[in-house]
Amino acid sequence: MSDSMRAVVIARYGGSLEATRRPVPRPGPGEVLVQVRASGLCSTDLHLLSGRQPLGDLPRVVGHELAGDVVELGAGVTDWRPGDRVTAAIDVCCGRCRHCLTGATQRCRAMQRIGFERDGGHADYVAVPASNLVLLGAEISYAAAAILPDAVACMYHSLIHQGGVGIGQRVLILGVGGLGIHGVQIARSAGAEVLATSRQPQRVALAEQHGAIGVNTADEALEAAVARFTDGEGVDVVVDNIGNRESVRQGLAVLRPGGRFLVVAYLDETFEVPSMRLFKTEQQLIGCRGSTRQDLVDVVRLVQSGRVTPVLGASYPIERIQEAAACLESGDLVGRIWLSRD
Ligand SMILES: [Zn+2]
Ligand SMILES: [Zn+2]
C-alpha cells in the first residue's frame, strides 16, 4: 500500500469538488481501514460546498455512501477480518447519550458523520469505527451496496420507523429521485399502495416499473390523482422528497385527517402550515433524519433477498468527479451516480 491515495475533497467553501491526493488514513483504536471499491455521489456532497454545514478543518474528504473491503484492523478490533466485504453507517455516535442508549442514534447530538465532520468515502481508503460496519453477502455488488447508507436506508428509516407505513396503507411519494425510487420499493415491500409523482415522464415510468401508480404532475393535478387513488379520502402518509413551500402545501392538502406528513427534504428553510388545519385534522408533521446502523442492516437484507433493488445511474472514475458532479446537477439521471475505483 502506498502512503498516498486518490480522494475527492472540499478544499474551500464556494469552490468545487476536487480530485487530489491525500495521505492514506491510519485506523485508530476501535477503527478499521476500508479499501473503498465504490462510493455513491449524493447531492449533499455538492451542497456542502456552500459551507452552511461546517465540516471542521479543510480539506475534507467527502462521501458518505461507500462499500469496500476491510484491509486493516485498529487496536482492539476483534470481530472483523481483512477481506470482509462491508458498507458503513454514516453517523459516528457517542454511544452514551439517551438517544444512543435507546437506539435512536440519528438524534445523537455528539455525532460526527462520515464524509461530513470526519473524512469520508470518496477515496481509495477510509478509516471508520468498526461499530459502523455492516457485512455484505457475496450476492450484492459494491456499487449497489455503496448507495444503501443514504439513498435507501434513509427512506427505510423514514417510511417504516417515522411513518409507520405498513400493509393496506396508501402512501404518496412526492418526487421520484435517488431517494424516492427506493421509497417506492420499500413502501411496496411493506404492503402499502403507492402513488408517486414527478414532472418527468421517464421518472414516472420508472416508479411504475417498481410497483407505484405514477402521476405526471405536469399533466394532471395532484388533488385529482389522489382523490381517484383514495376514493376522496386522502392518503395515509406523504413522503416529501422535494422540500419546498409548494410541496408541503400540496402534500397536506391531500393527506387524510390523522395522516402523517414526513419531512425528508430540506431545501427551503421555512414553510407555512395553518395551525387551524393541524387542529381540525390532527395531521402529523414528522421530521425524518438519516438512519441507524440497524436500518442499514435491515436494508442490506432487503436487497439481498431481492425485495429492494438499488437503482444505479452512471458511474465515473474517481478522478472524473467534475463530470460526475455535472451529471448529477443536470438532473438527467434518476439512478444514483457512483464513483468507481478502476
Ligand atoms: Zn446523502
Ligand atoms: Zn449519542
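Read left to right, the sequence shown gives residues 82 to 423 (our numbering).
A virtual CB, placed ideally from N, CA and C, is assigned to each residue, including glycine.
Relative to ligand 1, Cys123 has its C-beta within less than 7 angstroms of a heavy atom. Annotation for Thr168: the continuous beta strand (DSSP E) segment containing it runs 166-169. Pairing Gly155 with Tyr94 gives a Cβ-Cβ distance that is not under 8 angstroms. Under the DSSP assignment, Pro398 falls outside any alpha helix (DSSP H), being part of the beta strand (DSSP E) whose first and last residues are 393-398. C-alpha of Gln250 to C-alpha of Ser124: approximately 30 angstroms in a straight line. Within the segment 162-243, the runs of beta strand (DSSP E) that reach at least 3 residues and sit entirely inside it are, in chain order, 166-169, 206-210, 214-216.
Per DSSP, the beta bridge partners of Met86 are Arg103. For Arg141, the CB contacts under 7 angstroms within the same chain, skipping 5 residues up- and downstream, are Val90, Ile91, Asp200 in chain order. Here the distance from the Cβ of Ala191 to the nearest heavy atom of ligand 2 is below 7 angstroms.
Secondary structure remark: continuous alpha helix (DSSP H) runs of at least 4 residues inside the segment 360-395, in chain order: 374-385. At least one heavy atom of ligand 2 lies less than 7 angstroms from the C-beta of His180. Here Gln116 really is in contact with Tyr206; their C-beta atoms are around 6 angstroms apart, less than 8 angstroms. For Gly176, the shortest separation between its Cβ and any heavy atom of ligand 2 lies below 7 angstroms.
Going by C-alpha positions, Glu112 is about 25 angstroms away from Asp423. Remark: C-beta atoms of Glu314 and Pro230 do not approach each other more closely than 8 angstroms. Taking a 10 Å sphere around the C-beta of Leu287, we find 16 or more other C-beta atoms and assign the residue as buried. Take the alpha-carbon of Pro110 and the one of Gln243: they are about 34 angstroms apart. Under the 10 Å beta carbon count, Arg309 is surrounded by fewer than 16 other beta carbons and is classified as exposed. At least one heavy atom of ligand 1 lies less than 7 angstroms from the C-beta of His145. Look at Val316 here: in three-state DSSP terms it is strand.
Boundaries of the alpha helix (DSSP H) harbouring Leu333: 326-334, taken from the DSSP string. Distance from the Cα of Ile267 is smallest, within the candidate group Val167, Gly387, Thr311, for Gly387.
Taking a cut-off of 8 angstroms on C-beta distances, the segment 362-380 touches the segment 216-236, as three or more cross pairs fall below it.
Counting along the chain, the unbroken alpha helix (DSSP H) around Ser124 starts and ends at 124-128. Taking Glu350 as reference, the option from Val285, Gly324, Leu98, Val335 with the minimal CA-CA separation is Gly324. Around the beta carbon of Val345, 16 or more other beta carbons lie within 10 angstroms, which makes this residue buried. Linking Arg118 to Leu136 through their CA atoms gives a straight-line distance of about 24 angstroms. For Asp172 and Ile195, the gap between their C-alpha atoms comes out near 6 angstroms.
Glu410: member of the alpha helix (DSSP H) spanning 402-411, first to last residue. If you check the CB distance, His180 and Gly144 do not come in under 8 angstroms. Within its own chain, the residues whose Cβ lies closer than 6 angstroms to the Cβ of Arg102, once the five positions on either side in sequence are excluded, are Ser85, listed in chain order. Here Phe310 carries a helix assignment [DSSP, helix/strand/coil].
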